[in-house]
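Let me begin by presenting the structure, written as structure tokens, before commenting on it.
Protein chains in written order, with our numbering: chain A, 1 to 320; chain B, 1 to 215.
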């Protein structure tokens, strides 16, 4: 009786002698091929120029702002091809390529928490909520480089007034859009998503705090945080969350992405301060993109007149 | 394959291939391809290739043993010297373009910033290895001492990986991948040493046994 008879091995199953005898050659060639392909890919990366991003839509009726600096602006090309947007890759040049997949229309932002009139607000409504202004701001990254960008938007307080924060609201949390499918590179970033940031309510209501919908006369390119982002010019760049989907007014200080990851390196306040070093590098100087020599970093990124009073009596080293 | 490896043109071609990263940097420099922050881009690229060439150098011995290709040894010195070459470019970029010869600032950095301290260590350790890479120096030092000295590259490799790991903000995957490769290469050496150690013991036991039986 033959039950569950296994097929017999035939000649065809025998590894040919030549293959067997040449296994070392095979392994050797496979190893060398793997090494060569790695090196080749890295070289190709180095050789291939970055792709160019498509331009946005022109924004009409934009007025000038007294908050603008007269310093030389960085080029559009610099600001769109040197980005920290970890959802789209950790290399500075990656977001320009990868963020093009982000769908920014239709878009709505949910405003919730300690407010009298919580609501969803669509992008079209955001664009019409208040007159658009061009604000040419200095933007200082925690990595010790800086840029000057002609942002377009209006003071965040306009949006806050729309929903009427309750007296219990002491902080505002900002949450960025996150979708694994549209952001496959996010899993290699080493930080948790969605990206969350926060401000004290008085910081958020400061007129410098910008709800930003454009730059260089146009809507925001995806890699710069389309379609709507925060810009808080006296704080390190990571405080200015991109591609906002949720704004929450709350009683307690919200957790913030980088602060959660390394609290000693990235404080909740993250005010630009040349006297408080990042534990691993100095914050005393910065390289303005386009400059060869570094320049001194200014306290509150040069916006002391507008914001220093928010922090009177506060130990800026402790609350860095 | 062996014929190819001992061909003198293969070595010349390898030399040129090793220069490609520098060539591409220059090409990018001429074509506005160094990103908005060229100094950072040059620093990172030369740093990446320094570490890669250290790893390539460390791959030679395991590959030559595992693949039974002793001819690979002909490329080890060249790869090591290219690691040093890219290390020099990396260090020069830092001193010149980043710090603009502010040596006081550089020294403060090296003393105060751990990632720069280990990076500096990794680089400094390569200097004696580059100097003593000639046949004359092998003779002068004697094979055993020369080999001992050149194990400093193990420290350089580990320090290089730590240097990378400590400078990234959160994307630790890449430095960890380099770390895994270094760990594998060093563990292979340890295993090989242990195995040859036990082989030697066995051999001496075998030698000793007949003597025992004689008594």
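Yeah, the Cβ is synthetic: ideal placement off N, Cα and C, and Gly gets one too.
- Per DSSP, the continuous alpha helix (DSSP H) segment holding residue 80 (chain B) begins and ends at 76 to 92.
- With contact defined as three or more Cβ pairs closer than 8 Å, the region 87 to 96 of chain B and the region 33 to 48 of chain B are in contact.
- Interface annotation for the region 162 to 191 of chain B against chain A: 166, 167, 168, 169, 170, 171, 172, 173 and 174, criterion Cβ-Cβ distance under 9 Å.
- For secondary structure counted as the alpha helix (DSSP H) over 4 or more consecutive residues, the region 238 to 289 of chain A holds these complete runs in sequence order: 257 to 261.
- Residue 31 (chain B) carries a coil assignment under DSSP once its states are collapsed to helix, strand and coil.
- Listed in chain order, the non-local C-beta contacts of residue 316 (chain A) below 7 Å within the same chain comprise 271, 273 and 276, local neighbours out to five positions each way being set aside.
- Residue 7 (chain B) sits exposed, since fewer than 16 C-beta atoms from the chains shown fall within 10 Å of its C-beta.
- Exclusion of the five residues before and after residue 155 (chain B) leaves 121, 122 and 125 as the residues of its chain whose Cβ lies within less than 8 Å of its Cβ.
- Going by DSSP, residue 95 (chain B) is part of no alpha helix (DSSP H) at all; its letter is neither H nor E.
- Spanning the alpha carbons of residue 129 (chain B) and residue 75 (chain B) requires a straight line of approximately 15 Å.
- Under the criterion of beta carbons closer than 8 Å, residue 73 (chain A) and residue 149 (chain A) qualify as touching, at roughly 7 Å.
- Looking only at A:118, A:62, A:165 and A:143, the smallest Cα-Cα distance to residue 285 (chain A) is reached by A:143.
- The region 183 to 192 of chain A makes no contact with the region 203 to 210 of chain A: fewer than 3 CB pairs, one atom from each, lie closer than 8 Å.
- Residue 115 (chain B) and residue 90 (chain A) have their C-alpha atoms spaced approximately 19 Å apart.
- Fewer than three Cβ pairs drawn from the region 138 to 145 of chain B and the region 149 to 161 of chain A lie within less than 8 Å of each other, which leaves the two stretches out of contact.
- Taking C-beta atoms under 8 Å as the contact rule, residue 213 (chain A) and residue 220 (chain A) qualify, at a distance of about 6 Å.
- In chain A, no part has a C-beta under 9 Å from the C-beta of residue 26 (chain B); the shortest such distance is about 11 Å.
- In this structure, DSSP gives residue 139 (chain A) an extended state, which the three-state scheme calls strand.
- Residue 54 (chain B) sits in a helix when the DSSP states are folded into three classes.
- For the region 171 to 199 of chain A, the set of positions with a beta-carbon nearer than 9 Å to some beta-carbon of chain B reads 188, 189, 190 and 191 in chain order.
- By the neighbour-count definition (other C-beta atoms within 10 Å, threshold 16), residue 197 (chain A) is a buried residue.
- Taking the Cα positions, residue 160 (chain B) is about 15 Å away from residue 94 (chain B).
- Nearest in C-alpha terms to residue 104 (chain A), of all of A:122, A:62 and A:111, is A:122.
- DSSP lists no beta-bridge partner residue for residue 175 (chain B).
- Look at residue 145 (chain A): its C-beta is under 9 Å from a C-beta on chain B.
- Residue contact check for residue 251 (chain A) against chain B: no CB pair falls below 9 Å.
- In terms of beta-carbon proximity, residue 93 (chain A) lines the interface with chain B, with at least one pair separated by less than 9 Å.
- For the region 96 to 121 of chain B, the residues whose beta carbon sits under 7 Å from a beta carbon of chain A are, in order, 100, 113 and 115.
- In the structure shown, the three-state DSSP call for residue 156 (chain B) is helix.
- Residue-level contact by beta carbon holds for residue 39 (chain A) and chain B, with a gap shorter than 9 Å.
- By the rule that beta-carbons nearer than 9 Å mark a contact, residue 74 (chain B) does not touch chain A.
- Judged by DSSP in its simplified three-state form, residue 168 (chain A) adopts coil rather than helix or strand.
- Below 8 Å, too few C-beta pairs join the region 14 to 27 of chain B and the region 99 to 114 of chain B to call them touching: fewer than three.
- Secondary structure note for residue 136 (chain B): its alpha helix (DSSP H) is the uninterrupted segment 135 to 141.
- By the rule that beta-carbons nearer than 9 Å mark a contact, residue 20 (chain B) touches chain A.
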